[in-house]
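Numbering (the working numbering), first residue to last: 816 to 1111. For each residue, glycine too, the CB sits at the ideal point set by N, CA and C. On a predicted model such as this, the values are computed, not experimentally measured, just so you know.
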Ligand code: NAD
């Protein structure tokens, strides 16, 4: 059976370390770090994610400046809110919870966030820094995956890494981070011919497609490290809803070297990296000592 990459417990360790760092430097600065999560509309999944993030803030000593706008809020109102948060000295990180309602231009909104407060690492400046290998705020989900790979002792240099999915949120920044770690990277997507042949070549397989249990054991190389980013709600034979990933967990766990569970794998690490980015930004803005690397 595969080693289970326990994101929940690693995320707790990262957050404990961040809490200690915040406790040590807050008295010098005179205020705690601040994170503003902006949510537009009432998507129930988004509301649950926002609650999770705000709870994590509470646990480690980050002040939440959550802002909830109605589903019909016009672009100008969301832009004005982001502008006011950009100028608010108590706010170190700003996150726009995605997806936003269809009438809004999400790209324009993301681009209006001050790059130094871009806790999600999705601003073009921060994505450009990642592309160039320069320091900057990194996208939370791929950054969390890199910590899981690091702590599991997975060798990346020279290995074949296949990423399923090419979104700006996960697939593309993931590819760049694995490339920076000297893996040989392939991105596969909905138009890839013979997907199974590509996935079977992977020493490290990252599935970020949003299709419940699409990746089956015959599509995975025995001994591969499998990272399941997908979060899909399905209804079981008992009529009850549950969350599954993009990977058929039981069958793939039987042949993989390591695998992340859903839930409890990538999701908690995404939140932990959001906390890390907020503290990084706080320390940068207050010119205090930066927090230690999440997983040395
Ligand atoms: P997205 O819809 O923006 O992108 C999905 C990608 O999958 C696309 O690039 C598409 O080309 C590819 N794809 C779709 N069907 C495919 C198929 N049959 N074969 C191969 N490729 C296919 O989604 P996203 O925002 O990147 O998120 C992907 C999944 O990860 C979703 O389930 C999302 O909920 C989840 N997610 C989880 C976290 C976390 O913290 N765990 C964070 C972000 C996203």
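Check	Outcome
Limits of the alpha helix (DSSP H) - the one that residue 1099 falls within	1081–1101
Residue from 1026, 963 and 819 whose Cα sits closest to the Cα of residue 1004	1026
Helix, strand or coil at residue 933 according to DSSP, with G and I counted as helix	strand
For residue 975: DSSP bridge partner residues	999
Local conformation of residue 879 per DSSP, three classes	strand
Contact test: residue 985 Cβ vs ligand 1 heavy atom, cutoff 6 angstroms	yes
Identified DSSP bridge partners for residue 1020	977 and 1041
Any non-hydrogen atom of ligand 1 closer than 6 angstroms to residue 1005 Cβ	yes
Straight-line Cα distance separating residue 1053 from residue 1107	46 angstroms
Residue 970, buried or exposed, once every other Cβ within 10 Å from all chains shown has been counted against 16	exposed
Euclidean distance between Cα positions of residue 1049 and residue 1077	12 angstroms
Endpoints, beta strand (DSSP E) assigned at residue 908	908–911
Which residues DSSP lists as bridging residue 1047, in chain order	1059
Contacts around residue 909, its chain only, beta-carbon distance under 6 angstroms, and the 5 residues preceding and following it disregarded	851, 900, 928 and 932
Simplified DSSP assignment, three categories, for residue 968	coil
As assigned by DSSP and simplified to three states, the class of residue 829	helix
Residue 1016 versus residue 963: straight-line alpha-carbon distance, rounded	21 angstroms
Three or more C-beta pairs below 8 angstroms linking the region 933–941 and the region 867–877	no
Given residue 975 as reference, the closest of 1000, 960 and 816 once Cα atoms are compared	1000
Range of the contiguous alpha helix (DSSP H) that encloses residue 1012	1010–1014
Burial state of residue 897 (16 or more Cβ within 10 Å)	buried
Cβ neighbours of residue 961 in the same chain (closer than 6 angstroms, five flanking residues each side left out)	992
Boundaries (first-last residue) of the alpha helix (DSSP H) holding residue 922	921–926
Pair within 7 angstroms by beta-carbon distance, residue 867 and residue 1086	yes
Residue interval of the alpha helix (DSSP H) (run including residue 1066)	1064–1068
Segment limits, beta strand (DSSP E) that includes residue 893	No beta strand (DSSP E) contains residue 893, which is instead part of the alpha helix (DSSP H) from 890–901.
Residue 956: CB within 6 angstroms of a non-hydrogen atom of ligand 1	yes
C-beta atoms of residue 826 and residue 1083 nearer than 7 angstroms	yes
Inter-residue Cα distance where the pair is residue 1058 and residue 1102	42 angstroms
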